[in-house]
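See below for the structure under consideration.
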Amino acid sequence: MTAKIFSVKGMFQFFVVWTIINVILNTISLFLTTYLNDNSFPTVYYFYRSISFLALQSFWFGLIFPLSIYILQKKLFATYSYSIIQFIVLHLVFFYCLTTEEGVLSFITDLSGNSLKYINYSGTEITYTIAHFFPIIGLFDGGIYWPNNLERFYLLLILVPTLYNFFLTWITSRVVRMLWKRNKIVISK
Numbered sequence: 060m061t062a063k064i065f066s067v068k069g070m071f072q073f074f075v076v077w078t079i080i081n082v083i084l085n086t087i088s089l090f091l092t093t094y095l096n097d098n099s100f101p102t103v104y105y106f107y108r109s110i111s112f113l114a115l116q117s118f119w120f121g122l123i124f125p126l127s128i129y130i131l132q133k134k135l136f137a138t139y140s141y142s143i144i145q146f147i148v149l150h151l152v153f154f155y156c157l158t159t160e161e162g163v164l165s166f167i168t169d170l171s172g173n174s175l176k177y178i179n180y181s182g183t184e185i186t187y188t189i190a191h192f193f194p195i196i197g198l199f200d201g202g203i204y205w206p207n208n209l210e211r212f213y214l215l216l217i218l219v220p221t222l223y224n225f226f227l228t229w230i231t232s233r234v235v236r237m238l239w240k241r242n243k244i245v246i247s248k
């Protein structure tokens, strides 16, 4: 077992810092999206939706991170385990929903399907901010979700959340390392 790569205090500290940074970045993006849309949507609803997504993401991170520490042999893999799992699962969902319609490769699912729910809950507010400038256009009637531009859909709803998770974990590791060095200096004085 590799429980020594992180102490319980270190795991908790990493989880708390990861969650705080995630909330800050998503809150900034939420307010930026609200500003860009000229406050045309009910902010309370989207704030509640954002908080529920963040809570679910924090729950999954809080579950995956400690388990990966005890299972994996490398600190790097344990640290980025949530990001790696998100990368794999998002791509599996994406490829699972790919079909060939009218001779064109397309992502098609129903609006109430689990695949779209997972993609939605794994997303970030940054995705919605970017989507303001590059909207996803397609067929969204009759319970069908069929975006016209597969590349834009992939970039916005699969690649951006994946890169965001890697960036979030990277910045968290830097902040935790900085806090740990600062605490070590204070303790030694």
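The C-terminal position of the sequence shown is numbered 248 in my numbering, with every residue numbered one higher than the one before it. Think of the CB as a built atom: it goes at the ideal place given N, C-alpha and C, for glycine as much as any other residue.
Shown here for V152: same chain residues with a beta carbon closer than 7 Å to its own, the five before and five after excluded, namely S174, Y177 and I178 in chain order.
Proximity of the region 80 to 93 to the region 223 to 230 meets the contact definition, three or more beta-carbon pairs being nearer than 8 Å.
Here T158 is exposed, its C-beta having fewer than 16 other C-beta atoms within 10 Å. Within the model, the alpha-carbon separation for Y105 versus S111 is close to 10 Å.
The Cβ atoms of I130 and I144 lie no closer than 7 Å to each other.
Contact between the region 185 to 193 and the region 83 to 94 is present: three or more C-beta pairs spanning the two stretches fall below 8 Å. Judged by beta-carbon spacing, L89 lies within the 7 Å limit of S109, meaning their Cβ atoms are closer than that value. DSSP, reduced to helix, strand and coil, places P206 within a strand of the structure shown. Residues of the same chain with a CB within less than 6 Å of the CB of M70, apart from the 5 flanking positions on each side, are P125 in chain order.
Around the CB of P194, fewer than 16 other CB atoms lie within 10 Å, so the residue is classed as exposed. Residue environment analysis places S171 among the exposed positions, since fewer than 16 neighbouring C-beta atoms fall within 10 angstroms of its C-beta. Going by beta carbons, I128 and F65 fall inside the 7 Å limit. Of the residues L115, V103 and V163, the one whose Cα lies closest to the Cα of W205 is V163.
Sequence-distant Cβ neighbours of S142 in its own chain, meaning closer than 6 Å and more than five residues away, are N224, F225 and T228. Partner residues in the beta bridge of G197, as assigned by DSSP, are P206.
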